[in-house]
Amino acid sequence: MLLLAICVIFLVAATIYVYYPSSPINDQLLAIKAQHAGLDFLKALKEHRGMQYIQLEFAQYGHTFTQWQLGSHYIWSDEPANIKEVLTVQFPNFSMGTVRRDAAIPLIGNGIFLSEGARWSHLRSVIRPPFNRAQVADLTMFEAHLQDLFARIPEHGTTVDLQDLFYDLTLDNTTDYLFGYSINTLRPDSDQTYKDFNVAFTHGLSRIWPRTRMRFLMDLIPDPEFRKSCKVVHTVVDNLISQSLSTRKSTDLEKDPARYIYLHEVAVSTDDPLELRAHVLSILMAAKDSAAAGLSSTFYLLARHPEVWNRLSIEIGELNGKIPTFDQLKKLKYVYNVINEVMRLFPPVPINVRRATTDTYLPKGGGPSGTKPMLVKKNDTFFYSVYAMHRRKDLWGNDADEFKPERFEGRQPGPEFLPFNSGPRICVGQVFAMTEMAYVITRMVQCFESIESRDKSEWKERLGVNLSSLNGVKVGLTARER
Numbered sequence: 083m084l085l086l087a088i089c090v091i092f093l094v095a096a097t098i099y100v101y102y103p104s105s106p107i108n109d110q111l112l113a114i115k116a117q118h119a120g121l122d123f124l125k126a127l128k129e130h131r132g133m134q135y136i137q138l139e140f141a142q143y144g145h146t147f148t149q150w151q152l153g154s155h156y157i158w159s160d161e162p163a164n165i166k167e168v169l170t171v172q173f174p175n176f177s178m179g180t181v182r183r184d185a186a187i188p189l190i191g192n193g194i195f196l197s198e199g200a201r202w203s204h205l206r207s208v209i210r211p212p213f214n215r216a217q218v219a220d221l222t223m224f225e226a227h228l229q230d231l232f233a234r235i236p237e238h239g240t241t242v243d244l245q246d247l248f249y250d251l252t253l254d255n256t257t258d259y260l261f262g263y264s265i266n267t268l269r270p271d272s273d274q275t276y277k278d279f280n281v282a283f284t285h286g287l288s289r290i291w292p293r294t295r296m297r298f299l300m301d302l303i304p305d306p307e308f309r310k311s312c313k314v315v316h317t318v319v320d321n322l323i324s325q326s327l328s329t330r331k332s333t334d335l336e337k338d339p340a341r342y343i344y345l346h347e348v349a350v351s352t353d354d355p356l357e358l359r360a361h362v363l364s365i366l367m368a369a370k371d372s373a374a375a376g377l378s379s380t381f382y383l384l385a386r387h388p389e390v391w392n393r394l395s396i397e398i399g400e401l402n403g404k405i406p407t408f409d410q411l412k413k414l415k416y417v418y419n420v421i422n423e424v425m426r427l428f429p430p431v432p433i434n435v436r437r438a439t440t441d442t443y444l445p446k447g448g449g450p451s452g453t454k455p456m457l458v459k460k461n462d463t464f465f466y467s468v469y470a471m472h473r474r475k476d477l478w479g480n481d482a483d484e485f486k487p488e489r490f491e492g493r494q495p496g497p498e499f500l501p502f503n504s505g506p507r508i509c510v511g512q513v514f515a516m517t518e519m520a521y522v523i524t525r526m527v528q529c530f531e532s533i534e535s536r537d538k539s540e541w542k543e544r545l546g547v548n549l550s551s552l553n554g555v556k557v558g559l560t561a562r563e564r
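This is the structure:
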């Protein structure tokens, strides 16, 4: 208890932000400085309003500002020019940093999202082929699991939480893709072990961001629930890997040689259990949670905007009730406008971070007005808020906080739109995620005439690795007449 008390006292004392030291020589290169208590942000996170708090910070201090915390210098930005510079032009000058790695590696291992350099390049080359068009274009897997979801939606408009169902749906889709068979969490006879796994994985991911805020204290302050979640996740995934590899040469798989199974392809290059686990958990985190968060946000908004649902019904009605092919799906322009608008308002990864590996400069943020180049010192931490950038009124108009899919009609977004990151680390699974979301939206609109919100409370964020609704997505759905 004494150690815990000391750690807490130190954390409180060390989270006070101070001015970044300046001199007459470099004043024009230094960003606008913010001075406030870092505990305010931690309090906002605890109250599920962290993203709104960051928006207010940018409104007060400008689109790029600096702070000190726990002995480290932080740069915060929602400036497209700076974010593009870090992710693309100066990609070699910025690493992922050690804080996020230390926070996440106990859960997901040293996979592609935590690796750097040659290892990252190798993992990227392994992961890219599974997400090419040929693999994504087969929609039969999506349909099979979507039928399980339909069976869970009550008739006659009874309230249902779609967010819970979407997290099960994307888990079923992703495990099918990874292992060659699904754990079928949507089915009533699903193994309780897999349901416990889903809960544990979601909880573990939700702890990563708070752990990054604790920095080197994260392993000093006990977090038994996080450790328990890690153990559950590892046990289940290791068993799934073992089962999948043991059936690699089964008769069923030989009958379908064209069936792509991610784990079997990865196992060609390594049989290290920890490597395989890290591969699987990286894909699970990216494919399962990002798509589930995106779908949840989509139906949260659709339930509050019946005019958008009606317009979707008109466009999707041109399919005459037929299950869409991949090519037909791609032609549904308004469906993709809806997805883009959802990704703008509620990006699955609303905030991200990089660390400078050398002294360098960024195009904006320096000087009294924030329009001059800014100095970035080696080991500075660069936080960028996609959430705040996507809601800037000078970039998106005075209605930037409103849900209007029409804003994407004829618009070719530039660096101000970043739902899947950018540069060499752009999400390799973005086509998979967009296709999954478009397919689910299309089939839901085909099967249900209307959707109604059953939760009148305002949005509250649940921030883990991804952004989702704290209160779920409680709606009533009215089936179409057949």
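When we follow the working numbering, the leftmost residue of the sequence shown carries the number 83, and every step to the right adds one.
Cβ coordinates follow ideal geometry from the N, Cα and C atoms, glycine included.
In chain order, G554, V555 and K556 place their CB closer than 7 Å to the CB of D243, counting only its own chain and leaving out the 5 sequence neighbours on each side. Comparing alpha carbon positions, the residue from Q172, V318 and S395 closest to E531 is S395. Taking a contact to require three or more Cβ pairs closer than 8 Å, the segment 506-515 and the segment 395-412 do not qualify as touching. The beta-carbon separation of T380 and V424, rounded to 5 Å, stays under the 8 Å limit for a contact. With a cutoff of 8 Å on beta-carbon distance, N266 and D278 are scored as not near each other. In the structure shown, V350 falls within a coil segment according to DSSP collapsed to helix, strand and coil. In the three-state scheme derived from DSSP, where H, G and I count as helix and E and B as strand, W541 is classed as coil.
Note on I508: under 16 other CB atoms within 10 angstroms of its CB, so exposed under the neighbour-count rule. Shown here, P445 sits in a strand according to DSSP, grouped into three states. If you ignore the 5 residues before and after T275, its C-beta comes within less than 7 Å of the C-beta of V318, all in its own chain and listed in chain order. Assigned with DSSP and collapsed to three states, G558 falls in strand. Between the alpha carbons of F140 and W158 lies a gap of roughly 8 Å. Taking C-beta atoms as the reference points, T284 and A185 fail to come closer than 8 Å. From the listed residues G376, L124, F232 and I433, the smallest Cα separation to V527 is found for F232.
Comparing alpha-carbon positions, the option among L247, N480 and G286 lying closest to D230 turns out to be L247. A buried status is given to T146, since no fewer than 16 other beta-carbon atoms sit within 10 Å of its beta-carbon. Taking C-alpha positions only, V547 is separated from I290 by approximately 7 Å. In this structure, the beta-carbon distance from G193 to H361 falls below 8 Å. In the DSSP assignment, H155 falls within the unbroken beta strand (DSSP E) covering S154 to S159.
Sixteen is the threshold: when 16 or more other Cβ atoms of the shown chains lie within 10 Å of the Cβ of Q245, as they do, the residue is buried. Taking each of G286, D320, L427 and S378 in turn and checking the Cα distance to S311, the smallest one comes out for G286. In the same chain as Y416, and ignoring 5 residues on each side of it, the C-beta atoms closer than 7 Å to its own belong to R393, L394, E397 and P487, in chain order.
Beta-bridge analysis with DSSP links M456 to L444. By alpha-carbon distance to Y342, the top candidate from V218, D301 and S451 is V218. The shortest C-alpha to C-alpha distance from A520 to any of N419, D250 and L383 is the one to N419. A straight-line Cα-Cα distance of about 11 Å links L356 and I323. For R474, same chain residues with a beta-carbon under 7 Å away, outside a window of 5 residues either side, are D160 and A482 in chain order. In this structure, the beta-carbon distance from S364 to I190 falls below 8 Å. Here the alpha carbons of T241 and P429 stand approximately 26 Å from one another. Beta-bridge analysis with DSSP links F465 to W158 and V435. In the DSSP assignment, Q149 falls within the beta strand (DSSP E) that extends over T146 to Q151.
Just so you know, the alpha carbons of H346 and S326 end up roughly 8 Å apart. With contacts defined as CB atoms closer than 8 Å, I136 and A470 qualify as a contacting pair. Under the criterion of beta carbons closer than 8 Å, E534 and A385 qualify as touching, at roughly 6 Å.
When DSSP reads this structure, L552 sits in no beta bridge, so it has no partner.
In the DSSP annotation of this structure, the continuous segment of the beta strand (DSSP E) that includes I533 starts and ends at F530 to S535.
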